[in-house]
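Participant: Encoded as C-alpha cells, here's the structure I'll be asking about.
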Amino acid sequence: MSVVEQLRLALGYEFQRPDLVAEALSHSSWAHEQGLRSNERLEFLGDSMLNAAATALIWDRFPSASEGSLTRLRAKIVSGSSLSTFAAARGIGDLLQVGKGEERQGGRARPRLLEDVMEALIGAIYLEAGFDEVRARITDWFGDKLSALDDEVEPQAERWKDPVTRLQEYAQAHWKLLPDYEEVERAGPAHQPCYGYQVSVRGHLLGEGRAPRKKVARRRAAEEALERLQRPLSIAVDGPASSGKGTVARGVAAALGYAWIDTGAMYRSVALVARRHGIAWDDPVRLGRAAQGLHLQLIPDAAGLRILVDGEDVTEAIRTPEIGKGASEVSRFGAVRDALLALQRRLGEQGGVVMDGRDIGTVVLPDADLKIYLDASLEARATRRHAEQLAKGAQQHLDEVREAIAARDAQDMGREVAPLRAAEDAVVLDTTDLTVEQAIHRVHELALSILDKRTLLP
Ligand code: DC
Numbered sequence: 003m004s005v006v007e008q009l010r011l012a013l014g015y016e017f018q019r020p021d022l023v024a025e026a027l028s029h030s031s032w033a034h035e036q037g038l039r040s041n042e043r044l045e046f047l048g049d050s051m052l053n054a055a056a057t058a059l060i061w062d063r064f065p066s067a068s069e070g071s072l073t074r075l076r077a078k079i080v081s082g083s084s085l086s087t088f089a090a091a092r093g094i095g096d097l098l099q100v101g102k103g104e105e106r107q108g109g110r111a112r113p114r115l116l117e118d119v120m121e122a123l124i125g126a127i128y129l130e131a132g133f134d135e136v137r138a139r140i141t142d143w144f145g146d147k148l149s150a151l152d153d154e155v156e157p158q159a160e161r162w163k164d165p166v167t168r169l170q171e172y173a174q175a176h177w178k179l180l181p182d183y184e185e186v187e188r189a190g191p192a193h194q195p196c197y198g199y200q201v202s203v204r205g206h207l208l209g210e211g212r213a214p215r216k217k218v219a220r221r222r223a224a225e226e227a228l229e230r231l232q233r234p235l236s237i238a239v240d241g242p243a244s245s246g247k248g249t250v251a252r253g254v255a256a257a258l259g260y261a262w263i264d265t266g267a268m269y270r271s272v273a274l275v276a277r278r279h280g281i282a283w284d285d286p287v288r289l290g291r292a293a294q295g296l297h298l299q300l301i302p303d304a305a306g307l308r309i310l311v312d313g314e315d316v317t318e319a320i321r322t323p324e325i326g327k328g329a330s331e332v333s334r335f336g337a338v339r340d341a342l343l344a345l346q347r348r349l350g351e352q353g354g355v356v357m358d359g360r361d362i363g364t365v366v367l368p369d370a371d372l373k374i375y376l377d378a379s380l381e382a383r384a385t386r387r388h389a390e391q392l393a394k395g396a397q398q399h400l401d402e403v404r405e406a407i408a409a410r411d412a413q414d415m416g417r418e419v420a421p422l423r424a425a426e427d428a429v430v431l432d433t434t435d436l437t438v439e440q441a442i443h444r445v446h447e448l449a450l451s452i453l454d455k456r457t458l459l460p
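Quick note on the numbering used here: the sequence shown kicks off at 3 and runs consecutively.
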C-alpha cells in the first residue's frame, strides 16, 4: 500500500503532491545523508498552522474563557505529547525516513521526532488544501479532547494569570492554605547561578523547578504542581476473555474524553501477521521479529477503534475465535511482549487513556492512577461470547465457546511472562450480574472520585 494511501487512512486526508509528502517525512538525519531537503521548513509552517487551527477550535467552543484559560486549553489540545501520542498510535513513525545513526538509536519512535513529523504533515496539508482543511483535520483528530476540558475553563479569570497565582488560588480554594516556596538548591558560579525551588502545602511536596533566576524557578515549581494536580488519569483495565474489558474501557474513555487503547488487538495483529506469513504461533524468534516490525495503526472512529496493519484494515479479521486463540499463544513469548510493550507504554505515559488487556496494571502501566480487574463467572462470559457470535452468524455451540474460554484463561493465567492476574492495588469488579452500562458507570465513578480526591491533602 502506498505511503499516500497509508496517510489517508491514518489522517483522514489524501495528499495530492508526493513531493510534499516525501519532504514532510524526511527527518534531517536522512535528508543530510541523501542530499535532500529535510522536513524542518514544513515543520516550522505546520507549527503555526496547528496553533492557529487549535485557537480557532477553542475560540468558538469557549466564548467566555479568558486569554490565560485559552492559552492553557490550547496547550492541552495540541501539546507536543498529544501530537506524538497521536502519531505513535497511528503508526506515523514507521513512515518516517531517518538516517542510519538515528535508526540505530530507535529515533523513529522518539516523541520529539514524531511531534516534528506531525507538524510537517500539517504544513503540507496547509500548502495543498489551505487553512480550512487544517482546521477540519485538527477538529477531527483532537476535537474529542474538548469535552474533557470543560471543567478547566475559568470564566471569572479575566486576566492572564501566571502559574504562581493560579496555584495560590487553587490552594486557597481547595485547602484554604497558601503554598510555601523554599529554595533547596543553589549551584553554578556566581555569574551563572542555578536555583532550585520546591513548592509545598502543609509539608506536602507539590512540585519542583530549576532555573538561573529565582522567580523563574518558582514559576516552574508552580507549573509542575498544577500539571500534577490536573493531569488526566491513566486507567488500566485487565481481566479474562469476554469479561467485558473492551466494552467497558471504551465506554469509560468516551465518558472522560480519554483515548481507548485495546492491547489485545495488538497481540491479535501479531497472530494474524504470523498466520499470513507462514510463521508458526510457537516460533518465538520469528514471532518476535514480526512483532518488532509490525506496522500498526489504531484509529478511533464512531464505532470504536479501527486497527490497521501495514495499512490494511484488519478490524474484523482479528476478531475471529481462531485469531483470538493465536493471540493468546503468541503472547506467551517475551520477545513478542517486549516488542509491543514500548508502544503501549508510550501511548499510556501522558495519561488521558483507558488501556485494556491482561497485564496493564501489573506490567505496562504499574503506576496507573486507577486499576480495574474485571471478572465474571465462566458461564456468564461464555453466554455473552456465544450471543455475540450468534449475532455475527457463527454457529458455534455454547459448550465449545465455554471450553475455548476456559482454555484461554488457563493459557493467559498460566504463562511465565506477564501472566493475567489482578494487580495488588486493583479494584476487582465482578460483572456477572451487571449490565454493561452499570459496569461503565462504576468505573467512571471511581475515576471521578480519584480526580476529586486529588484536591484533598493527605
Ligand atoms: O483481549 P483479547 O481477547 O483481544 O486478547 C487476546 C489475547 O492477547 C489474550 O488471550 C492474551 C493476549 N493479551 C495479552 O497477553 N496481554 C494483553 N495486555 C492483552 C492481550
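Think of the CB as a built atom: it goes at the ideal place given N, C-alpha and C, for glycine as much as any other residue. Remember, predicted model here, so these are calculated numbers, not experimental data.
What runs of the alpha helix (DSSP H), each 4 residues or longer, lie entirely inside the segment 270-346?
Facilitator: Complete alpha helix (DSSP H) runs here, min 4: 286-294, 323-332.
Participant: Can the beta-carbon of LEU298 be found closer than 7 Å to that of GLY93?
Facilitator: Taking the sequence shown and counting its residues from 1, the one referred to as residue 298 is at position 296. Taking the sequence shown and counting its residues from 1, the one referred to as residue 93 is at position 91. Cβ distance < 7 Å, so LEU298 and GLY93 count as in contact.
Participant: Compare the beta carbon distance of ALA341 and GLN294 with 7 Å and say whether it is the shorter of the two.
Facilitator: Position 339 of the sequence shown holds residue 341. Position 292 of the sequence shown holds residue 294. Closer than 7 Å, so yes.
Participant: Return the bridge partner residues of MET357 from the DSSP annotation.
Facilitator: As a working mapping, residue 357 is identified with position 355 in the sequence shown. Answer is ALA238, ILE263.
Participant: Considering just the uninterrupted stretch of the alpha helix (DSSP H) at SER84, what are its terminal residues?
Facilitator: Position 82 of the sequence shown, counted from the first residue, corresponds to residue 84. Looking at the DSSP string, the run of the alpha helix (DSSP H) that includes SER84 is 82-91.
Participant: Taking 6 Å as the line, does the beta carbon of ARG410 fall inside it for any heavy atom of the ligand DC?
Facilitator: Here residue 410 is taken as the residue at index 408 of the sequence shown, counted from 1. Flag set: Cβ of ARG410 near the ligand DC.
Participant: Taking 6 Å as the cut-off, is the CB of THR265 close to at least one heavy atom of the ligand DC?
Facilitator: Start at 1 with the first residue of the sequence shown, and residue 265 comes out as number 263. THR265: yes, Cβ under 6 Å from the ligand DC.
Participant: Can you grab the Cα-Cα spacing for the pair ALA122 / ALA67, in whole Å?
Facilitator: On the sequence shown, residue 122 is found 120 positions in, with the first residue counted as 1. On the sequence shown, residue 67 is found 65 positions in, with the first residue counted as 1. Roughly 30 Å between the two C-alpha positions.
Participant: Which same chain residues, not among the five before or five after LEU179, have their C-beta less than 7 Å away from its C-beta?
Facilitator: Within the sequence shown, residue 179 is the residue found at index 177, counting from 1. Correct list, in chain order: ALA173, VAL203, ARG204.
Participant: By DSSP's criteria, LYS373 is part of a beta bridge. Which residues make up the other side?
Facilitator: Locating residue 373 in the sequence shown gives position 371, where the first residue counts as 1. Bridge partners of LYS373: ALA238.
Participant: Beta carbon of ARG360: closer than 6 Å to some heavy atom of the ligand DC?
Facilitator: Taking the sequence shown and counting its residues from 1, one reaches residue 360 at position 358. ARG360: yes, Cβ under 6 Å from the ligand DC.
Participant: Cβ of GLU104 within 7 Å of Cβ of SER31?
Facilitator: As a first step, residue 104 must be located in the sequence shown, where it is residue number 102. As a first step, residue 31 must be located in the sequence shown, where it is residue number 29. Cβ atoms of GLU104 and SER31: closer than 7 Å.
Participant: For VAL356, does the count of other Cβ atoms within 10 angstroms reach 16, so buried, or fall short, so exposed?
Facilitator: What you label residue 356 is simply residue 354 of the sequence shown in a count that begins at 1. VAL356 comes out buried.
Participant: Using 6 Å as the cut-off, classify the Cβ of ASP414 as near or not near the heavy atoms of the ligand DC, replying yes or no.
Facilitator: Counting from 1 along the sequence shown, the entry for residue 414 is found at position 412. Checking the Cβ of ASP414 against the ligand DC gives yes.
Participant: When the Cβ atoms of the segment 370-380 are set against those of the segment 240-259, are three or more pairs found closer than 8 Å?
Facilitator: Verdict: yes, contact present.
Participant: Between TRP61 and the rest of its own chain, which residues show a CB-CB distance below 7 Å, the 5 nearest in sequence each way excluded?
Facilitator: Here residue 61 corresponds to residue number 59 of the sequence shown, with the count starting at 1. Within the same chain, TRP61 has no close Cβ partners at all.
Participant: Which residues share a DSSP beta bridge with VAL201?
Facilitator: Residue mapping note: residue 201 aligns to position 199 of the sequence shown, counting from 1. Paired residue(s): TYR183, GLY209.
Participant: In the DSSP assignment, find the unbroken alpha helix (DSSP H) run with LEU44 in it and report its ends.
Facilitator: Here residue 44 is taken as the residue at index 42 of the sequence shown, counted from 1. Element bounds for LEU44: 42-63.
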